[in-house]
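2 protein chains.
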Amino acid sequence: MKDFFKLKTISEVLARLGRFAALEPESVPLSQAHGRILAEDLVAAEDLPQFHRTVVDGFAVQAQDTFGASPGTPALLQVVGEIGMGEAAAQPLRLGETVRIATGGMLPPGADAVVMIEYTQELDSHSLEVFRTVAPLENVLQQGEDVRAGVPLFPAGVRLRPQDIGLLAALGVTQLKVYRRPRVAIISTGDEIVPFESPLRPGQMRDSNAYALAAQVESAGGEPCRRGIVPDQLNAWQEQLAAALPESDLILLSGGSSVGTRDWSIAAIQSFPESQILVHGVAVSPGKPTILAVIGNKPLLGLPGHPASAMIIMEVIGRPLLARLGGLKSVEASWGQTITARLSRNLASSLGREDFVRVRLRSAADLPWADPILGKSGLISTLVKADGWVQIPLHTEGLEKGEIVEVHLFRP
Amino acid sequence: MKDFFKLKTISEVLARLGRFAALEPESVPLSQAHGRILAEDLVAAEDLPQFHRTVVDGFAVQAQDTFGASPGTPALLQVVGEIGMGEAAAQPLRLGETVRIATGGMLPPGADAVVMIEYTQELDSHSLEVFRTVAPLENVLQQGEDVRAGVPLFPAGVRLRPQDIGLLAALGVTQLKVYRRPRVAIISTGDEIVPFESPLRPGQMRDSNAYALAAQVESAGGEPCRRGIVPDQLNAWQEQLAAALPESDLILLSGGSSVGTRDWSIAAIQSFPESQILVHGVAVSPGKPTILAVIGNKPLLGLPGHPASAMIIMEVIGRPLLARLGGLKSVEASWGQTITARLSRNLASSLGREDFVRVRLRSAADLPWADPILGKSGLISTLVKADGWVQIPLHTEGLEKGEIVEVHLFRP
Chain H
1 MKDFFKLKTI SEVLARLGRF AALEPESVPL SQAHGRILAE DLVAAEDLPQ FHRTVVDGFA
61 VQAQDTFGAS PGTPALLQVV GEIGMGEAAA QPLRLGETVR IATGGMLPPG ADAVVMIEYT
121 QELDSHSLEV FRTVAPLENV LQQGEDVRAG VPLFPAGVRL RPQDIGLLAA LGVTQLKVYR
181 RPRVAIISTG DEIVPFESPL RPGQMRDSNA YALAAQVESA GGEPCRRGIV PDQLNAWQEQ
241 LAAALPESDL ILLSGGSSVG TRDWSIAAIQ SFPESQILVH GVAVSPGKPT ILAVIGNKPL
301 LGLPGHPASA MIIMEVIGRP LLARLGGLKS VEASWGQTIT ARLSRNLASS LGREDFVRVR
361 LRSAADLPWA DPILGKSGLI STLVKADGWV QIPLHTEGLE KGEIVEVHLF RP
Chain E
1 MKDFFKLKTI SEVLARLGRF AALEPESVPL SQAHGRILAE DLVAAEDLPQ FHRTVVDGFA
61 VQAQDTFGAS PGTPALLQVV GEIGMGEAAA QPLRLGETVR IATGGMLPPG ADAVVMIEYT
121 QELDSHSLEV FRTVAPLENV LQQGEDVRAG VPLFPAGVRL RPQDIGLLAA LGVTQLKVYR
181 RPRVAIISTG DEIVPFESPL RPGQMRDSNA YALAAQVESA GGEPCRRGIV PDQLNAWQEQ
241 LAAALPESDL ILLSGGSSVG TRDWSIAAIQ SFPESQILVH GVAVSPGKPT ILAVIGNKPL
301 LGLPGHPASA MIIMEVIGRP LLARLGGLKS VEASWGQTIT ARLSRNLASS LGREDFVRVR
361 LRSAADLPWA DPILGKSGLI STLVKADGWV QIPLHTEGLE KGEIVEVHLF RP
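One line per chain: the protein sequences are H and E, in this order. Oh and the first sequence: position 352 is 352 in our numbering, straight run, nothing missing. Oh and the second sequence: position 163 is 163 in our numbering, straight run, nothing missing.
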């Protein structure tokens, strides 16, 4: 057991996540692909647009017919028809001719520019005066200008945003491969923990971590399943793990990783034949008693029972782990957005330990201030008051007031 | 009609959103409240925790019994029992006594501190040596230290994050009031637009905006309903609006707001008895031909047909409008996070027009660079390449290379 207690650094823990592969891809219709992680490299199968389109209401012309045109010396063109919306021109446009066209309409062959209606005057139904020179391709969206057939669109491993969905719709991609969402079992432990709907007796606490963790799993793109509270008995642990494993891609143990006397989680994990404890103890505050294990090929993350510890470890290790399973390319992407801020007070830390300090952002003239929210790791309210977290690196004794820090934002 | 065409500024448009009220609240169980917008002010009904708890494994003591204790001069205490997890102590702790206690356990009456097990040695089952002084309340989470009964928790109008859900679970809040999610009808128009699954004939375009807008609605917490493509005929418009209104809280018209000849949207809106055009035309690029209207008490947003224009207007006006309906307190919150960056090139604009420029972020030593992604508003790819948008204010002629800008990030 002893070497389990050699504390690992966060980067050592993250390196161990590499053994877990992305879940299998599934095919979804485009209408369900928003927010999902792409599981194939997509290449444009066609040009967008597939024809020269006008971006204004006006008249399609051969640009050379307008060269030198001005309000004083208008060009005179013969109106030979009108392009209906969604229709192709019946015949090519010749020199001296023009056709009426509305925004989004397809230019006829031969036309290479469009004069806005504001710069024209119709003398009669066949004659048009043009008061302005247009250059070739002026007011025209060229075939392939948005996307050219054959160009790479998105690599596998990116999360699809609304505009990405729009582009794929424009290219007629009706169905695509995305990674399956990880199903995450959340198992709570502790004889003092009761279901949160129950009345409390003295000494009891409600199972709040399971709810916070479930929301974090949702926020990271997973599907949480709260599996209730396991009594502090080895056989209860073994039964619950055996039941959860076939239905889950990741198991979260809440409160099952302290060195307390009633800690059965290590024994329960090791009672499974193909199990391995990868990490037991992380050089981090809060969150030191974290466990990372594998049973068969399924990862298990044992989170500390203190609410702030559990949620911080879920952000710092749980999100990257869900990202691995979910197929997201980068750990940075799983951590989400950072804001550059200025620390508003000194923060002490210990050499050889990484600290994750909750901070609130406060606007200032240039960079916002990051106000540390200090408090015991048993407090939930420190997280509620905070906008994000700041990492104090392993080999420093702290950060000084005024230092520039990157704040990792908590997400809804 | 004429005064409709007096262009409004973005802030004038946003001011007009004040007439739309939040939708009615609905009661949801806590397990469904994550990401929802709170519709009531929540106050703590009880203390959290409800009793003094230990945050370490060890022995509960009266702190004064340990004063002066050290490895050379240990304090000797009588072990009178053990506190079971989730149980209240049977009897108060007297001077000279101690009880064994595990992390999360309830201190017995009379105890005011906990000695960590590492600083003790049991001589026999009744005698304990303590090698360290503990101060009163050391290693103790006090009753009410996390939250005190009666304190405000969250005001109505905030979006509930995972840690907020955790706090509410800890306090036993099983059911709460949130605002109903806005149901958003998305109606596409244009005789050149075809369903995105259809094969394209020359001159036709796929209905990509409906898909991008639906994803934006989801991202803003609404429930999108794509209602297909309406032909450019007044009665078709009227029928579709009449069908959509009773089933929707907001109607988005995609492509129905140009001044083109086949624009029936204004006429269709005005054919409803209790309708009013609030805005027709916004002093903005892209997105000038935007319409804001009300039919009965339902808002209608007419978006330009160009993909970049439609998506930018949905970000800049649509999100705040959904925020109003959804009960979110601030427009800033609806726009989401900003990143401070440095503009990498000059950007021209016109006085009296706000520009929303798509930018890509590129890391640099201090502030990231914001690289403008220029291109016609008919291009979707400019949005796909961008990480967010920068606003060029109304009364400037542009921004200069090196200027500090706030980048509003596009969200997944």
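Idealized CB from N, CA, C, for every residue including glycine.
For residue i, the nearest candidate out of the options (CA to CA)
i: E:P152; options: E:L171, E:P202, E:Q32 and E:L141; result: E:L171
i: H:T396; options: H:L409, H:L347 and H:A364; result: H:L347
i: E:R132; options: E:A69, E:L301, E:L42 and E:Q216; result: E:A69
i: H:D41; options: H:L176, H:L95 and H:R94; result: H:L176
i: H:R159; options: E:S275, E:E403, E:D387 and E:L399; result: E:D387
i: E:G190; options: E:P136, E:A75, E:P304 and E:Q270; result: E:P304
i: H:A212; options: E:I165, E:R324 and E:Q91; result: E:I165
i: H:P29; options: E:E197, E:A243 and E:S350; result: E:E197
i: E:R201; options: H:F20, H:S248, H:Q216 and H:G86; result: H:G86
i: E:A22; options: E:T290, E:L137, E:A39 and E:F356; result: E:A39
Cβ pair residue i, residue j closer than 8 Å
i: H:S125; j: H:V79; result: yes
i: H:A341; j: H:P372; result: no
i: E:V413; j: E:V359; result: Outside the shown range of chain E (1 to 412) lies residue 413 of chain E, about which nothing can therefore be said.
i: E:H306; j: H:E218; result: no
i: H:E24; j: H:R180; result: yes
i: E:V184; j: E:C225; result: yes
i: H:L328; j: H:I37; result: yes
i: E:V407; j: E:I313; result: no
i: H:D207; j: E:L379; result: no
i: H:Q233; j: E:Q337; result: no
i: H:Q238; j: H:A210; result: no
i: H:R161; j: E:F410; result: yes
i: H:I404; j: H:G398; result: no
i: H:T98; j: H:V134; result: no
i: H:L77; j: H:G96; result: yes
i: E:L93; j: E:G110; result: yes
i: H:Q163; j: E:L253; result: no
i: E:L322; j: E:G222; result: yes
i: E:L374; j: E:P182; result: no
i: E:G81; j: E:I117; result: no
Residues that DSSP places opposite residue i in a beta bridge
i: H:A341; result: H:V405
i: E:Q276; result: E:V294
i: H:L253; result: H:I187 and H:G302
i: H:D124; result: H:S127
i: E:S285; result: E:D355
i: H:W389; result: H:R358 and H:H408
i: E:E82; result: E:R100
i: H:D371; result: H:R360
i: H:P459; result: In the structure as shown, chain H begins at 1 and stops at 412. Residue 459 of chain H is therefore absent and cannot be evaluated.
i: H:K8; result: H:V282
Proximal residues to residue i (C-beta, below 7 Å), its chain only, five neighbours per side dropped
i: H:G352; result: A283 and L394
i: E:R345; result: P372 and K401
i: H:Q143; result: D47, P49, Q50, F51 and H52
i: H:A214; result: I186, P224 and R226
i: E:R148; result: A44 and D47
i: E:E415; result: Lying outside 1 to 412, the shown extent of chain E, residue 415 of chain E is not represented and no answer is given.
i: E:Q240; result: I187, R227 and V230
i: E:A169; result: L30
i: H:T103; result: T54, V55, V56 and D57
Own chain partners of residue i with C-beta closer than 6 Å, once the 5 adjacent residues on each side are dropped
i: H:A89; result: I83 and P108
i: E:S309; result: P286, G287 and S377
i: E:R262; result: Its pLDDT being 49, under 50, E:R262 is placed unreliably in this model, and the value from its coordinates should be taken loosely. Around E:R262: D232.
i: E:K8; result: V279 and V282
i: H:L167; result: none
Own chain residues within Cβ distance below 8 Å of residue i, not counting five before or after
i: E:P320; result: L14, L17, V331, S334 and W335
i: E:V140; result: H52, R53, T54, V55, L107, D112, A113 and V114
i: H:I193; result: Q204, M205, R206, D207, I229 and G255
i: H:Q121; result: P74, L128, E129 and F131
i: E:A220; result: G318, R319, L322, A323, G326 and S334
Problem set entry | Uninterrupted alpha helix (DSSP H) stretches inside the segment 153 to 201 of chain E (no shorter than 4 residues) | 162 to 170
Exercise. What are the complete alpha helix (DSSP H) segments, minimum 4 residues, inside the segment 290 to 362 of chain H?
Worked result: Listed in chain order, they are 307 to 313, 319 to 326 and 331 to 335.
For this session: Would you list, in chain order, the members of the segment 327 to 359 of chain E that have their beta-carbon closer than 8 Å to a beta-carbon of chain B?
Result: Of the protein chains in this structure, namely H and E, none is chain B.
Problem set entry | Any beta strand (DSSP E) of 3 or more consecutive residues that is wholly inside the segment 206 to 248 of chain E | 223 to 230
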